[in-house]
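For the record, the sequence lines run as chains A and B.
Using the working numbering, you'd call the opening residue of the first sequence number 7 and step up by one each time.
Using the working numbering, you'd call the opening residue of the second sequence number 7 and step up by one each time.
For each residue, glycine too, the CB sits at the ideal point set by N, CA and C.
Notes for the one structure printed next.
There are 2 protein chains.
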Amino acid sequence: MTPLTPSAAVSPGRAAASEARKQRIRDAALSLFSQFGLRGASLDAIANQAGVSKTNLLYYFPSKEKLYISVLQQILNTWLEPIRAIDADQSPEAAINHYIRIKVELSRDHVQASRLFCLEMIQGAPLLKEELHSDLRALVEEKSKVIEGWIAHGSLLPVDPHHLIYLLWGTTQHYADFAVQIEAISGKTLADPEFFEATVDNIQRIVLGGLLPRPKES
Amino acid sequence: MTPLTPSAAVSPGRAAASEARKQRIRDAALSLFSQFGLRGASLDAIANQAGVSKTNLLYYFPSKEKLYISVLQQILNTWLEPIRAIDADQSPEAAINHYIRIKVELSRDHVQASRLFCLEMIQGAPLLKEELHSDLRALVEEKSKVIEGWIAHGSLLPVDPHHLIYLLWGTTQHYADFAVQIEAISGKTLADPEFFEATVDNIQRIVLGGLLPRPKES
DNA sequence: AGACTGTCAGACCATTTGGTCCAACCAGAA
DNA sequence: TTCTGGTTGGACCAAATGGTCTGACAGTCT
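In structure tokens:
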């Protein structure tokens, strides 16, 4: 379980206890929502896993959907952090290498968050659509400019920045969402440091260097 | 309706009609399961969308889980087809280019299947785990040998075949599962032929040629 | 024609679900 | 102590859900 909020303890421990309770509920909710979706997870099960009564859960979060949104909100920020770090001052090689590593770390440390995010997307992101169209879109547009700058400068081969970003998202996310499949085939998880490094290294090598020995000029 | 194949079936029109009904149910089930998962989709909703009564649905599929498995089974074969096509006789360039195209086509033409597959993976693939460990694993192992052959032959730069396959899976799958996100950002879908071609082309270019202009060292 | 069999739907049931109500608890202010 | 307002849980409810039962209708076989 990996809580996403840095809870700074407040004045009296009494109020902090309830905040801790809220967080326990959110953690349990993340665990179950990420497994069964909004409709598939029951409040009973969440309350049970959090070790509180259902009434108590509904005291803190007035409805199931409110709880779901609260959990999702907590995820979103963490999720977009890596792409914000992309900066024109870096070399494309360093920036992309770093981005890949951070993203694979996310897939390792926040599997459930990754999955819940994926679930929400699959369902058409009814609760995030707005933010996708505004915040995320603007962010991607901004970083696309950076990438295009690199290309114009000749330090990156011509590529559509959008598709590059999708490729990076898809690849790294895959290691969290399809962990079962990967474990079935490779017998390893990102929790294994060696496998983690191999993952980062291989993605970096393919994306930056490509697979073909000599770059075919066209 | 006149049956096109007057084979020696017991009752040609009747059997065909019921099979069509079964398929309509499976289609509706795929549509709803892929959106809400096994637990999130109700039999009522599925029957309703298929245009049959719930009783009729349960007549053809004795339980919800049986229906789910039946749908999943139909998907699996289609899903593994592209990787089967990878062949040592082809050049790696041709093979990988072809694989990427086929896989993006799958993401375009079978969005719901892709999503249901993804959902199942996220939940830990309780119903597919066996086949992942046996069939899929063997298949991947076999194709990894082919890739390693290419590398030994010097027609492919050294890379872990597993991670290459994961990258291809993740990237292509992403266009189906995260279509909402992609549409929010790029404003296009794979249904748009231009966007489809751009997708295929960019993935091919990145994977085969890499991003960096010229490797200064090897 | 009549019996048989496969196909289909409406009524029904037990369980689970999200959510409400009310009574009780418990720390601190008076 | 008593009062008070935030906090907590057991009992409860209406709706939805997966699944069963009974019976009807339509072809087919004798």
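Q. According to the Cβ coordinates, are V206(A) and V110(A) closer than 8 Å?
A. In this structure, V110(A) lies closer than 8 Å to V206(A) by Cβ.
Q | Segment limits, alpha helix (DSSP H) that includes F202(B) | A | Its alpha helix (DSSP H) spans residues 199-215.
Q) Helix, strand or coil: how does DSSP classify I75(B) here? A) DSSP places I75(B) in helix when its eight states are reduced to three.
**Q.** Simplified DSSP assignment, three categories, for F123(B)
**A.** When DSSP states are grouped into helix, strand and coil, F123(B) belongs to the helix group.
Q | Residue nearest to S76(B) in terms of C-alpha spacing, selected from R32(B), I52(B), L218(B) | A | Ranking the options by Cα distance to S76(B), first place goes to R32(B).
Q) What residues in its chain sit with their C-beta under 8 Å from that of A51(A), if we drop five residues either side in the sequence? A) Correct list, in chain order: L38.
Q. Pick from H139(A), G215(A), L73(A): whose alpha carbon is nearest that of Q187(B)?
A. Nearest neighbour of Q187(B) by Cα position, chosen from H139(A), G215(A), L73(A), turns out to be H139(A).
Q) Less than 8 Å separating the beta-carbons of L237(A) and Y181(A)? A) Only positions 7 to 224 of chain A appear in the structure, and residue 237(A) is not among them; the question remains open.
Q: Classify V186(A) as helix, strand or coil using the three-state DSSP reduction.
A: Secondary structure at V186(A): helix, using DSSP grouped into helix, strand and coil.
**Q.** Option nearest A23(A) by Cα separation, candidates Q79(A), V58(A), R211(A), E189(A)
**A.** Taking A23(A) as reference, the option from Q79(A), V58(A), R211(A), E189(A) with the minimal CA-CA separation is V58(A).
Q | Extent of the continuous alpha helix (DSSP H) run through G155(A) | A | Start and end: 143-159.
Q.
Within a Cβ cutoff of 8 Å, which residues of the same chain sit near V89(A), ignoring the five residues on either side of it in sequence?
A. Before going further, note that residue 89(A) is Ile rather than Val in the sequence given. Y105, L145, V146, K149, I171, listed in sequence order.
Q: Decide if N208(B) is buried, meaning its Cβ has at least 16 other Cβ atoms within 10 Å, or exposed.
A: That one is buried.
Q: Report the option in G216(B), W175(B), L122(B) whose CA atom is closest to the CA atom of E87(B).
A: Among G216(B), W175(B), L122(B), the Cα nearest to that of E87(B) belongs to W175(B).
Q. In whole angstroms, what separates the C-alpha of F201(A) from that of R107(A)?
A. Spanning the two alpha carbons is a distance of roughly 13 Å.
Q. Taking L125(A) as the reference, which of T84(A), T61(A), D93(A), D183(A) has the closest Cα?
A. For L125(A), the closest C-alpha among the options T84(A), T61(A), D93(A), D183(A) is that of D183(A).
Q: Assign A35(B) to buried or exposed, taking buried as 16 or more other Cβ atoms, counted over all protein chains shown, within 10 Å of its Cβ.
A: Residue environment for A35(B): buried (at least 16 other C-beta atoms within 10 angstroms of its C-beta).
**Q.** C-alpha distance - P9(B) paired with A21(B), whole-angstrom precision
**A.** A caution first: P9(B) carries a pLDDT of 33, below 50, which makes its placement in the model unreliable, though a value can still be read off. One Cα belongs to P9(B), the other to A21(B), and the distance between them is close to 11 Å.
Q) DSSP state of P219(B), grouped into three classes? A) In this structure, P219(B) counts as coil in the three-state DSSP scheme.
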